[in-house]
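Student:
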Amino acid sequence: MTTETTKSVYWQGVRDGAPFILVIVPFSLLFGVVATEAGLNVLETLSFSVLVIAGAAQFTALQLLTDGAPTMIALVSSLAVNLRMAMYSASLTPYLGEASLGQRALAAYFTVDQSYACAIVKFEKNPGWDISRRLAYFFGVVTPICPLWYLFTLVGALVGTRIPQGLALDFALPITFLAMIGPMLRTPAHLAAAFVSVTVALVFAGLPYNLGLLVAGLAGMMTGARVEVLLDRRRETRA
Amino acid sequence: MSIDTADLWFVIIGLGLGSFALRFVFTGLVGDRPLPAWLLRHLRYTAVAVLPGLVAPLVVWPAATGGSLDAPRMAAALVTLAAGYFLRNVIVAILLGAVTLFAGLALIG
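Going down the list, the protein sequences come from chains A and B.
Residue numbers for the first sequence follow the working numbering, so the first one is 215 and each next one is one higher.
Residue numbers for the second sequence follow the working numbering, so the first one is 276 and each next one is one higher.
Structural data, given as structure tokens:
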């Protein structure tokens, strides 16, 4: 039983997405600046952000191209950084599967770390939401994030190198992700998954093409699932 | 060195199409067909399995210091994670982390 209207759910999404403006703006600005420094023109820089909307992958591609890596290696490595999007897609499927094909395509395009992280938390908390509320919430989160991603890439490309050094913008990404991870650690299974993920990612950091992250992701998911089964079994024997 | 324009567009378009394919593969192609319970159980842990693994190397070997462990960044990371965990508030955690980072950088340099 839910009394929330689609409209109020949309605005909930906007409110939950809004804090990420603080991260999206410096991050996309930084991408614009770095791309311009690497010799990309405004159109090329903006196309990157509009077609890819994934900061980490964009930075990876740019870094490898500037280093003179072979084109295919640059493409495959940056796609590997985005492999987590397939995991997000799979994880959202039980919640968004009944939407129309067009809506699913649009949601897929806007599946980014922030929209996924907000949506999955809300969808789990509100199992009574119908598909129109879920979509409204998802696109609500996207509203303050993605347009600003494009806009500040453009601003970064135009201001170019006139950004003061020493702002430590490099750490905007880790801090945002860490802040998002904290509230997700709700059960021992979640904690175990995160711990294994960190350990495996560090041990396999030397693997080429960012494969270490993929291994860490799979190991973390298997750990979470396993711990959940063990805890359920223990609860059953006690009951 | 400067990047070849054709190579650049190849990567931009390829990465754009590839990223969309990765995002669409399950949501779009599986749709409302039911997924098996064991798979759903694994998928529940996607976020906590991927994001920590993504961040860990960035914290331990920050690019800004050329990959060597850095006290202000490590402190900021720990404060952010602890704040997020205990306060359950993303924006407060980000702000506390940023304050820790700038204070640390100002103190240690």
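Built from N, CA and C at the ideal position, the CB exists for glycine as well.
#1: What is the residue span of the alpha helix (DSSP H) that A/LEU320 lies within?
#2: So A/ALA167 is in the alpha helix (DSSP H); what residue range does that whole segment cover?
#3: Can you look up B/ARG319 in the DSSP assignment and give me helix, strand or coil?
#4: Is it buried or exposed for A/LYS221, if we count other Cβ within 10 angstroms and need 16 for buried?
#5: I need the DSSP call for A/GLY231, collapsed to helix, strand or coil.
#6: What separation, rounded to the nearest whole angstrom, lies between the Cα atoms of A/ALA275 and A/ALA288?
#7: State yes or no: is the C-beta of A/ALA294 within less than 8 Å of the C-beta of A/LEU428?
#8: Compare the C-beta of B/SER343 with all C-beta atoms of chain A and state if any pair is closer than 8 Å.
#9: For A/ASN255, count the other beta carbons within 10 Å of its own beta carbon; 16 or more makes it buried, fewer makes it exposed. Which is it?
#10: DSSP three-state label for B/PRO337, please.
#11: Quick one: which residues of the region 325-342 of chain B get their C-beta closer than 7 Å to a C-beta of chain A? List them in chain order.
#12: Under the rule that 16 or more other beta-carbon atoms within 10 Å means buried, what is A/MET215, buried or exposed?
#13: Please state if the CB of B/PRO332 and the CB of B/ARG348 are separated by a distance shorter than 8 Å.
#14: B/ALA357 and A/MET398 - do their beta-carbons sit closer together than 8 Å?
#15: I need the straight-line Cα distance from A/THR259 to B/VAL300, nearest angstrom please.
#16: Would you call B/ILE383 buried or exposed, if buried means 16 or more other Cβ atoms sit within 10 Å of its Cβ?
#17: At a Cβ cut of 8 Å, what residues of the region 294-323 of chain A count as close to chain B, listed as they run along the chain?
#18: Can you give me the Cβ contacts of A/SER292 inside the same chain, cut-off strictly under 6 Å, excluding the 5 residues immediately before and after it?
#19: Are A/SER346 and B/THR302 touching if we call contact CB-CB under 8 Å?
#20: Once DSSP output is grouped into helix, strand and coil, what is the label at A/GLY420?
#21: Taking the C-alpha atoms as reference points, what is the distance between A/ALA419 and A/ALA386?
#22: So what's B/PRO343 in DSSP terms, helix, strand or just coil?
#23: For A/ALA319, which option in B/LEU326, B/ALA324, B/ALA296 has the closest C-alpha, if you only look at C-alpha atoms?
#24: In its own chain, which residues sit with a C-beta less than 7 Å from the C-beta of A/ALA415, not counting the 5 before and 5 after it?
#25: Can you tell which of A/ILE395, A/THR437, A/ARG400 has its C-alpha closest to the C-alpha of B/LEU329?
#26: Hey, how far is the Cα of B/VAL286 from the Cα of A/MET299?
Tutor: Looking at the coordinates:
#1: 315-323
#2: One cannot answer for residue 167 of chain A here, as it falls past the ends of chain A, which runs 215 to 453.
#3: coil
#4: exposed
#5: helix
#6: 5 Å
#7: yes
#8: no
#9: exposed
#10: coil
#11: VAL325, LEU326, PRO327, GLY328, LEU329, VAL330, ALA331, PRO332, LEU333, VAL334, VAL335, PRO337, ALA338, ALA339
#12: The predicted position of A/MET215 is uncertain, since its pLDDT is 44 and thus under 50; a value taken from the coordinates is nonetheless stated next. Looking at its Cβ environment, which holds fewer than 16 other Cβ atoms inside 10 Å, A/MET215 is exposed.
#13: no
#14: no
#15: 26 Å
#16: exposed
#17: ASN296, LEU297, ARG298, MET299, ALA300, MET301, TYR302, SER303, ALA304, SER305, LEU306, THR307, PRO308, LEU310, GLY311, GLU312, LEU315, ARG318, ALA319, ALA321, ALA322, TYR323
#18: ALA271, THR274, ALA275
#19: no
#20: coil
#21: 21 Å
#22: The sequence given here has Ser at residue 343 of chain B, not Pro. Here B/SER343 sits in coil by DSSP.
#23: B/ALA296
#24: GLY426, LEU427, ALA430
#25: A/ILE395
#26: 18 Å
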